[in-house]
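All remarks here apply to the structure that follows.
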Amino acid sequence: MSELATQIRPRRRQGEPAHAADIALQPTEPLAAPSADVLLEARNITKSYRRNRLEVPVLRDCSFSARTGEITAIVGQSGSGKSTLLHLLGTLDIPDSGEIYFDGRRIDNLSRRQRDRFRNQKLGMIFQFYHLLPEITAYQNVLLPMMIQAGFWGYLKNRTAFRQRAQQLLQRVGLEHRLHHRPSELSGGEMQRAAIARALIASPQILLADEPTGNLDQQTGKRILDLLNDLNENDGLTIVMVTHDESIAAQCHSAVVLSNGTTRRP
Ligand SMILES: Nc1ncnc2c1ncn2[C@@H]1O[C@H](COP(=O)(O)OP(=O)(O)OP(=O)(O)O)[C@@H](O)[C@H]1O
Ligand SMILES: [Mg+2]
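Counting in the working numbering, the sequence shown runs from 25 upward without gaps.
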């Protein structure tokens, strides 16, 4: 087991997390009957990419579920479709067939506008390559989702609270001394921590993390896993984490392996 893996320890499941922003998601159809405690679920997903006339099948009859208060890992070889599945779960893309549910409500068939709103309000996402905006500081990157979500007047009205929260989050991830640095002036681990703070600013119910330690040295990756672990244990944050490291996955509450376009238990 790698040193990194020891940072996510087996733990018991937790109760319902408390969430600051619980903005009602407009139901598009009657509640499905989700399994108890399942927060995010994909049922029989199929997804192919199309390049010119060529079809690249990636997922077929792929199902997945993440339970409230748990860290769920998705593992698989490079090219197996982990990022594809995470993007579908995060409504950044839509499946060709199958269904995705969040808290019992179907989300894969929302309009683009509804999906954007849903994503802003309910999900936090972090990416392997951070995806911070290069022109603005760490602090401004963290504030950005609130500027988008609240709109001009909403942001203006609540800016003191938003700024306080952004500073608190940057402090929580240990970046209080780097608030006004641009991404190019931050290390990889610092960029990932800024990205985590940005993902948390809107108090999401679930964090989707794509290889959050994939680009970092072992020591820095360990700190990121510590942070995710702390957010799960102390804030009850539900996390779905893509990793290529099966030993990290083995330490999560549950894990699925993605291979041949479908998921199986390890
Ligand atoms: N936009 C696209 N157009 C065509 N093919 C794509 C596109 N995006 C991904 N693919 C293909 O889909 C497959 C799955 O890609 P995906 O990025 O989901 O894999 P992954 O498991 O996340 O890999 P890695 O571990 O390397 O990040 C790959 O074979 C990839 O080449
Ligand atoms: Mg990937």
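Just so it is clear, CB atoms sit at the ideal spot from N, CA and C, and this is done for glycine as well.
Keep in mind that this is a model prediction, so the values were computed, not measured.
Which residue wins for smallest C-alpha separation from residue i, given the options the options?
i, options, result
"Gln145", "Val82, Phe126, Tyr154", "Phe126"
"Thr237", "Tyr154, Ile118, Ser87, Thr96", "Tyr154"
"His277", "Ser87, Glu94, Ala66", "Glu94"
"Ala5", "Ser283, His205, Arg143", "Here the chain has residues from 25 to 290 only, and residue 5 is not among them."
"Arg137", "Gln173, Pro81, Gln152", "Gln173"
"Ile263", "Pro81, Arg74, Ala90, Glu79", "Ala90"
"Ala273", "Ile124, Arg289, Leu193, Ile220", "Arg289"
"Glu159", "Gly285, Glu209, Ser135, Asn182", "Glu209"
"Gly198", "Glu123, Arg130, Gly100, Thr244", "Thr244"
"Ser283", "Asp61, Val62, Gly100", "Gly100"
"Glu258", "Arg77, His111, Arg196", "The sequence given here has Asn at residue 258, not Glu. Nearest option by C-alpha distance: Arg196."
"Gly103", "Leu112, Ala218, Val80, Leu113", "Val80"
"Thr92", "Leu113, Leu110, Leu63", "Leu63"
"Met215", "Ala162, Thr287, His201", "Ala162"
How about residue i and residue j: are their beta carbons less than 8 Å apart?
i, j, result
"Leu83", "Ile98", "no"
"Gly178", "Pro228", "no"
"Leu251", "Pro207", "no"
"Arg139", "Thr115", "yes"
"His268", "Glu235", "yes"
"Ala190", "Leu167", "yes"
"Val280", "Phe88", "yes"
"Leu240", "Gly213", "yes"
"Leu255", "Leu261", "yes"
"Asp120", "Ser72", "yes"
"Ala223", "Ile150", "yes"
"Leu203", "Ala221", "no"
"Glu123", "Arg129", "no"
"Gly105", "Gly285", "yes"
"Ala218", "Asn165", "yes"
Between which two residues does the beta strand (DSSP E) holding residue i run?
i, result
"Ile95", "95-99"
"Asn182", "First-last for Asn182: 162-196, but that is the alpha helix (DSSP H), not the beta strand (DSSP E)."
"Ile150", "147-150"
"Ile118", "Segment: none, Ile118 is in no beta strand (DSSP E) and carries neither H nor E."
"Arg74", "62-75"
"Thr287", "286-288"
"Arg91", "78-91"
"Ile230", "230-234"
"Leu282", "278-283"
For the alpha helix (DSSP H) containing residue i, list its first residue and its last residue.
i, result
"Ile220", "212-224"
Exercise for review: For the stretch 243-276, list the beta strand (DSSP E) runs that are entirely contained and at least 3 residues long, ordered along the chain.
Suggested key: Runs found: 262-266.
Practice item. Would you list the residues whose beta-carbon is nearer than 7 Å to any heavy atom of ligand 2, in the order they occur in the chain? Key: Those residues that bring their Cβ nearer than 7 Å to a heavy atom of ligand 2 are Lys106, Ser107, Gln152, Asp234, Glu235, Val266.
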